[in-house]
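2 protein chains.
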Amino acid sequence: MKKINTLSVDLGDRSYPIFIGEGLLASSELLAPHIHGDQLFIVTNEVIAPLYLDHLVKKLSLRHTVETLILPDGEIYKNLEVLNTLFDALLSKKFNRSSTLIALGGGVVGDMTGFAAACYLRGVNFIQIPTSLLAQVDSSVGGKTAVNHNLGKNMIGAFYQPECVMVDISLLETLPDREFRAGLAEVIKYGLIADVEFFCWIEKNIEQLLVRDSNALCTAIEKSCSNKAKIVSRDECENDIRAILNLGHTFGHAIETFFSYKSWLHGEAISVGMTMAAKLSSELGLIELADYVRIKELLARCDLPVSKPDEMTAETFLELMSVDKKVIDGNLRLVLLESIGKALVTSNIERDILIKVLQ
Amino acid sequence: MKKINTLSVDLGDRSYPIFIGEGLLASSELLAPHIHGDQLFIVTNEVIAPLYLDHLVKKLSLRHTVETLILPDGEIYKNLEVLNTLFDALLSKKFNRSSTLIALGGGVVGDMTGFAAACYLRGVNFIQIPTSLLAQVDSSVGGKTAVNHNLGKNMIGAFYQPECVMVDISLLETLPDREFRAGLAEVIKYGLIADVEFFCWIEKNIEQLLVRDSNALCTAIEKSCSNKAKIVSRDECENDIRAILNLGHTFGHAIETFFSYKSWLHGEAISVGMTMAAKLSSELGLIELADYVRIKELLARCDLPVSKPDEMTAETFLELMSVDKKVIDGNLRLVLLESIGKALVTSNIERDILIKVLQ
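Protein chains in written order, with our numbering: chain A, -18 to 340; chain B, -18 to 340.
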């Protein structure tokens, strides 16, 4: 077996490991210590199932009773109605409290499986096997689970930590290019909010990343996960520092909600959102104009969108952003940059400057 | 103001007080330290609303923005679909992370409001103001929240603790007699599982309780809540001792599920369930036949049902009980009595004896 890098999310008795490496799906023994009962329920989607499901089921069936559920693919299915089909399946197959759910898929599968695990019989174990770059560097780590509501993204959910996260970089081989690039937006985010050296490294290595060079990918994923693990360990339930992980997300969620979770990928919306946050930071004199340009250029080199959809006005943004989870007592709070590698959360934003950026 | 008794549920940083007394609804200043943000959302039902809602809204509106939602009354409405109407209301009114939900009602309102609070924006504060005897002695304390699924009761939920519980005994004045008696089943439960002295006290004071003598009620509610608080403090998430709180519930949930949460009240089903558990304990030689008779007689004195519905066979029970949350790796676990005042959880039950009792 090739080298496996193990990171840790330190949360007391809810701590868990992140395994990162190539070909890990073949080494199901990594999962064994994290499966407690006999019953396993693997949730995946119609795109991932034909690629990897049989292989995983075969491995795990040697020791466990395995059932599977294949969801339709896409953010529009991340809702309470589809979540209920998970509960239907779990109950009709009589899954009990000691069973383990496994999320084999991208952010949508991970968020829904995690939330189902949080609620089913008031909580059962679950394991994340993320298959998209975005899920591997971001959504599978940290215990944020949720479904969308037609009035806002990720509005119904729970903080609920997995037993372990298994990041198999080999799974990215089958990831469509557009989704891969969308995942890079979150990779770039970690450089922006917490790690200037990593940001510079991405700038230097962007071509290798875009051709999915496995060494470059390994480094990018490890750096992203270790930055995320550090932040989550300090503030599990986003009372404080964890909010910086949402750089660009308040703007981005508004875009996703406006398009009803169709047409725009999460990473694409976040790319526009981060550009807006950088622009706003520059307008407020927090960062240099040159830094804003540098950020925008790196995102553009990934073929990610860096300007707002024509269909959306400043008013549309303000209306959709007003239900954001970071709003406290009517005050919109935004994550901004005070330098590349350092983020801050603020609610002191002059409306005129905000509207200027939104236009 | 009359005397207020304050109990505490000790759960580290999730500890909270239970206030018990008469006329507490008039003293909203008790709640003030437990409301953190500006926005309050009161959930109640169509029976309670005309009796108490205006009064509470008036008191709380002095200092807060108050919105209300009136749910239909009854266990059949405790489902994901109705839960979603809470989320609709919260989102359309732009309730934020620092808002507080208040459950003004019985077990159904409390369970749904608590679960909504657990999931809305991944968790907001909530307060319990239970209005039924059953909710005052049982469901409002301990943080179990849930909705039903058509394949089983309380299958989707969370352990999520309130900021405080306000038990106003005066609210019981308007409680219909059938519901009051159903609540007594849970009061008797505490005597059976943990407090033989309390059981004897109930036997002696049953007539005063049935006429709702306020001194007798105060004692019964305080004893019930303090027994529950002690057990919950030892085992918040039911990994162990907390399971004894489910005496009679595995049988009882089967009855409720069989009748689709119509026609039988929870306490009535639990009364039959506790009779069955006592009978089974006696058949297994754990308690004397005389103890079983004594338990059955006390329940019968409350006009509670003590024998199974004619429509249900032993097979129906076994099938419905097999999805119970206390099933672990295929083994049905039941709460039984080893004496009046002492319960145990066991999975070593001979099928023949179980079937005999179910017949």
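Beta carbons: idealized from backbone N, C-alpha and C, even for Gly.
>> Which residues in chain B have a C-beta closer than 7 Å to the C-beta of A:His130? List them in chain order.
In response: Phe68 and Leu72
> So, helix, strand or coil for A:Gly138, using DSSP?
Replying inline: strand
>> Is there a Cβ of chain C sitting closer than 9 Å to that of B:Phe140, yes or no?
In response: The chain labelled as chain C is not found among the protein chains of the depicted structure, namely A and B.
> Since B:Tyr(-3) is in the beta strand (DSSP E), which residue starts that stretch and which ends it?
Replying inline: Tyr(-3) to Gly2
>> Any heavy atom of the ligand NAP closer than 8 Å to the beta-carbon of A:Ile110?
In response: The ligand NAP is absent from the structure shown, which contains no ligand whatsoever.
>> So B:Leu11 and B:Thr25 are supposed to be a Cβ contact under 8 Å. How far apart are they, rounded?
In response: Wrong, their Cβ atoms sit about 18 Å apart, outside the cutoff.
> What is the DSSP secondary structure of A:Ser320, counted as helix, strand or coil?
Replying inline: strand
> Interface residues of chain B around A:Leu61 at Cβ under 7 Å?
Replying inline: Leu61 and Asn65
> Just how far apart, CA to CA, sit A:Pro31 and B:Phe232?
Replying inline: 43 Å
>> So, under 8 Å CB-CB, B:Ala324 and B:Ile212 are touching, yes? Tell me the CB distance rounded to an integer number of Å.
In response: 10 Å between Cβ atoms; not a contact.
>> I'd like to confirm the pairing. Which residues does DSSP put opposite B:Leu52 in its beta bridges?
In response: B:Asn26
> By DSSP, does A:Asp149 sit in helix, in strand, or in coil?
Replying inline: strand
> Assuming B:Thr126 contacts B:Ala99 under a Cβ cut-off of 8 Å, what Cβ separation, rounded to an integer in Å, is found between them?
Replying inline: 6 Å
> Can you name, in chain order, every residue of its own chain whose Cβ lies under 6 Å from the Cβ of A:Gly172, other than the five neighbours on each side?
Replying inline: Phe179, Phe180 and Ile183
> By the criterion of Cβ-Cβ separation under 8 Å, what are the contact partners of B:Met136 in chain A?
Replying inline: Phe68, Leu72, Tyr101 and Leu102
> Could you give the residue range of the beta strand (DSSP E) that holds A:Leu82?
Replying inline: Thr81 to Gly86
> Is there at least one Cβ from chain A nearer than 9 Å to B:Glu184's Cβ?
Replying inline: no
> Residues of chain B with CB under 7 Å from A:Lys39, in chain order?
Replying inline: Those do not exist, as A:Lys39 stays about 22 Å from chain B at its closest Cβ, beyond 7 Å.
> Looking at the unbroken alpha helix (DSSP H) that takes in A:Ala259, where does it start and where does it end?
Replying inline: His247 to Glu264
> Are any of the Cβ atoms in chain A nearer than 9 Å to that of B:Lys209?
Replying inline: no
> If you run the structure through DSSP and keep just helix, strand and coil, what is A:Gln340?
Replying inline: coil
>> For B:Gln20 and B:Ile83, what's the separation of their Cα atoms in angstroms?
In response: 11 Å
>> Can you check which of these residues, B:Thr256, B:Phe240, B:Arg275 and B:Thr327, is closest to B:Glu292 by C-alpha distance?
In response: B:Phe240
>> On the DSSP letters alone, give me the boundaries of the alpha helix (DSSP H) that A:Asn220 sits inside.
In response: A:Asn220 -> no alpha helix (DSSP H), and no H or E assigned at all.
> Would you call the CB atoms of B:Leu153 and B:Thr112 closer than 9 Å?
Replying inline: yes
>> Please list the terminal residues of the continuous beta strand (DSSP E) segment that includes B:His36.
In response: Unbroken run through B:His36 is the alpha helix (DSSP H), Asp35 to Ser42; no beta strand (DSSP E).
>> Using only the alpha-carbon positions, how far apart do A:Asp176 and A:Ile276 sit?
In response: 14 Å
>> Do B:Met302 and B:Leu285 count as a contact pair if the criterion is CB distance below 9 Å?
In response: no
> Would you call the stretch 256 to 267 of chain B and the stretch 139 to 156 of chain B in contact, with 3 or more CB pairs under 8 Å?
Replying inline: no
> First and last residue of the alpha helix (DSSP H) that includes A:Lys351?
Replying inline: The structure shown does not extend to residue 351 of chain A, since chain A is modelled only from -18 through 340, so no value can be given for it.
>> I'd like the list of long-range same chain contacts for A:Gly91, defined as Cβ closer than 7 Å, with 5 residues on each side in sequence excluded.
In response: Ala84, Gln109, Pro111, Ala116, Ser120 and Ser121
>> Within a Cβ cutoff of 8 Å, which residues of the same chain sit near B:Pro53, ignoring the five residues on either side of it in sequence?
In response: Asn26, Glu27 and Val63
> Excluding five sequence neighbours on each side, which residues of the same chain lie with their C-beta closer than 7 Å to the C-beta of A:Leu61?
Replying inline: Val128 and Ile137
> So, helix, strand or coil for A:Ile16, using DSSP?
Replying inline: coil
>> Tell me the rounded alpha-carbon separation between B:Asp149 and B:Leu191.
In response: 18 Å
> Would a C-beta distance cut-off of 9 Å place B:Cys348 and B:Pro290 closer than the cut-off?
Replying inline: Given that chain B is displayed from residue -18 to residue 340, the structure contains no residue 348 of chain B and the question cannot be resolved.
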